[in-house]
């Protein structure tokens, strides 16, 4: 019984449940931005994206065992809590379940889900160990969660705003993660941007997309897609956080700093998604109240 509990716990941990929930919420936020109605289609889209994201995280760990022995020895596979063979089977189950769910939605959802699932495997197996393309792919997939949800509604263009900001946000974070993973990647001979260019240049390069988020974030407010809740939460709080991260990685461009800032950005992403969703619902509630007057 103890072994079953340990394996079940490892199967959950390897999916990175917090990140999976964040993916599902991103889909819901994209749907809200595009005025999609709440219903079974939205639940299906969120579950589909969550399962595929979970499969991607498991696949990533399956291909990253040797690096994780150095950088993250506590992960389920290098710690011995889960065998690589079991993890591979688990990844396949999650991918198949996620893509299968997409067939209960219009055909373009199934196409997008299949492409993303294949792209995640491609990333884990090959692109993650390249100089820059892996980071670009992950950033694109992260932003696509908002588009996936936005396709359920009638205002898809509004979902592209958080999608583009999230993609740039993730690109900067992925570069910082590459800088943080430098010791293990260097020992394994991976051709990442940090190994090729060095930790300090990678940290500073990561500040470019993060600065891009700061520069672009006022636009959705200016053109009227989002309101004052967004103005306060994203433009003041999140942009302030990004400015702090940029300052830290320029002042102390080291692997340890990059790891701390990458973690901080993860929480920043949570706050950003909550802010966008809060703005959408606040404006919707305001509209309902004005209608009832």
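In my numbering, the protein residues as written are 2 to 294. Each residue gets a CB set at the ideal place from its N, CA and C atoms; glycine is no exception.
- For the pair residue 253 and residue 14, the Cα-to-Cα distance works out to about 31 angstroms.
- Here the alpha carbons of residue 228 and residue 220 stand approximately 11 angstroms from one another.
- Straight through space, the alpha carbons of residue 51 and residue 67 are spaced by roughly 26 angstroms.
- Closest option to residue 8, judged by alpha-carbon separation, among 81, 196, 127: 81.
- Per DSSP, the continuous alpha helix (DSSP H) segment holding residue 161 begins and ends at 157-181.
- Counting only the Cα atoms, residue 137 lies some 17 angstroms from residue 197.
- CA-CA distance, residue 113 to residue 179, rounds to 27 angstroms.
- Residue state for residue 248 is assigned as helix, using DSSP reduced to three classes.
- By the criterion of at least three beta-carbon pairs nearer than 8 angstroms, the segment 50-64 is in contact with the segment 114-134.
- Distance from the CA of residue 232 to the CA of residue 276, rounded to the nearest whole angstrom, comes to 9 angstroms.
- Put simply, the segment 160-178 touches the segment 252-272. At least three CB pairs are less than 8 angstroms apart.
- Annotation: the segment 88-144 contains no complete segment of the beta strand (DSSP E) (minimum length 3 residues).
- Its Cα nearest to that of residue 243, the residue 262 stands out among 258, 149, 225, 262.
- Residue 58: member of the alpha helix (DSSP H) spanning 41-64, first to last residue.
- Taken through DSSP and simplified to helix, strand or coil, residue 205 comes out as helix.
- With the rule of 3 Cβ pairs closer than 8 angstroms, the segment 154-161 counts as touching the segment 23-43.
- CA-CA distance, residue 76 to residue 69, rounds to 7 angstroms.
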